[in-house]
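A short worksheet on the structure shown next.
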Amino acid sequence: MSELTERQAELKSLAERAGEELEEASALDILRWAAETFGDRLAVTSSMEETVLAHLASAASPGVDVVFLDTGYHFAETIGTRDAAEAVYKITLINVTPRLTVAEQDAEYGPRLYERDPNLCCAMRKVEPLERTLAGYEAWVTGIRRDQAPTRANTKVVEWDAKRNMVKINPIARWTQDDVDAYAAENGLLVNPLMQDGYTSIGCAPCTRRPEPGTDPRSGRWSGTGKVECGLHG
Ligand code: SF4
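Numbering (the working numbering), first residue to last: 8 to 241.
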């Protein structure tokens, strides 16, 4: 691992301190702190499920950059939710696309790479585009929550992202699915229609199924492959 620059070392200790100090703070206060601390060096990521994070971020920092990874494999409902969020919320949508279109990837790697090598497909369509985009920022905001998966149980509200050498802010880490649903209902948020159609976690169409009733809400992602994360948060 390369040596941290002076600025990165400063950001690392800032993140570690804020992770402790903001543990009990509201999501909105965490985002206000992030906006004051990082200004336009802050990016919010959104998968356009229920748009809670985009809504909270727009309240804390109107015009904030919201990054959407447009993999080329999204459900039409997800794209519609993205377009509606851009029109309705005070955000600056940064729509990020992979280097290869789906057709170019099919030509180079063969069709349905997601079935044969989902890690490679995610690396090209999600991880690389995100890395390329985040390189222009000092801090990024995610909607990950401790209750989503055992791999996310120790998520801090602010932490150091050692993989990218930047600050990672998880303002709704302490929230439950009920908290998300209540916030969305109380504020009349845009919700991806698939969330009302049995889906509980939405990614690319070929890799997302409705989970069986009573099972882990993320079990419909890469169902049957053993894969649980796309590589953005691991
Ligand atoms: Fe490819 Fe599936 Fe990953 Fe989307 S979620 S990038 S289709 S493997």
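We put the CB at the ideal spot given by N, CA and C, even for glycine.
Keep in mind it's a predicted model, so treat the numbers as computed, not measured.
Bridge partner(s) assigned by DSSP for residue 148: Stepping through the sequence shown from its first residue, residue 148 is reached at position 141. Residue 148 is bridged by DSSP to 51 and 176.
Residue nearest to residue 81 in terms of C-alpha spacing, selected from 221, 219, 215 and 230: Within the sequence shown, numbered from 1, the residue matching residue 81 stands at position 74. Nearest option by C-alpha distance: 215.
Uninterrupted alpha helix (DSSP H) stretches inside the region 57-140 (no shorter than 4 residues): Runs of the alpha helix (DSSP H) inside the region 57-140: 59-67, 83-95, 109-116, 120-123 and 125-129.
Limits of the beta strand (DSSP E) - the one that residue 168 falls within: On the sequence shown, residue 168 is found 161 positions in, with the first residue counted as 1. From DSSP, the beta strand (DSSP E) with residue 168 extends over 165-168.
DSSP state of residue 12 mapped onto helix, strand, coil: For this step, residue 12 is matched to residue 5 along the sequence shown. The DSSP-derived three-state label of residue 12 is coil.
Three-way DSSP call (helix, strand, coil) for residue 215 in this model: Your numbering for residue 215 matches position 208 in the sequence shown. Taken through DSSP and simplified to helix, strand or coil, residue 215 comes out as strand.
Beta-carbon proximity check, residue 50 vs residue 144, cutoff 8 Å: One-based indexing of the sequence shown puts residue 50 at position 43. One-based indexing of the sequence shown puts residue 144 at position 137. Contact check for residue 50 against residue 144 passes: the beta carbons are separated by less than 8 Å.
Span of the alpha helix (DSSP H) around residue 40: Position 33 of the sequence shown, counting from 1, holds the residue named residue 40. Note, residue 40: alpha helix (DSSP H), 34-45.
Start and end residues, alpha helix (DSSP H) containing residue 190: Counting from 1 along the sequence shown, the entry for residue 190 is found at position 183. First-last of the alpha helix (DSSP H) with residue 190: 184-193.
Any non-hydrogen atom of ligand 1 within 7 Å of residue 132 CB: If you number the sequence shown from 1, residue 132 lands on position 125. Checking the Cβ of residue 132 against ligand 1 gives yes.
Residue 28 versus residue 194 - alpha carbon distance: For the purposes of this step, residue 28 is identified with residue 21 of the sequence shown, where counting begins at 1. For the purposes of this step, residue 194 is identified with residue 187 of the sequence shown, where counting begins at 1. Here the alpha carbon of residue 28 sits roughly 28 Å from the alpha carbon of residue 194.
Proximity of residue 239 and residue 163 at Cβ, strictly below 8 Å: Here residue 239 corresponds to residue number 232 of the sequence shown, with the count starting at 1. Here residue 163 corresponds to residue number 156 of the sequence shown, with the count starting at 1. No.
When 148, 158 and 157 are compared against residue 34, the one with the closest alpha-carbon: Walking along the sequence shown from the start, residue 34 turns up at place 27. Nearest option by C-alpha distance: 148.
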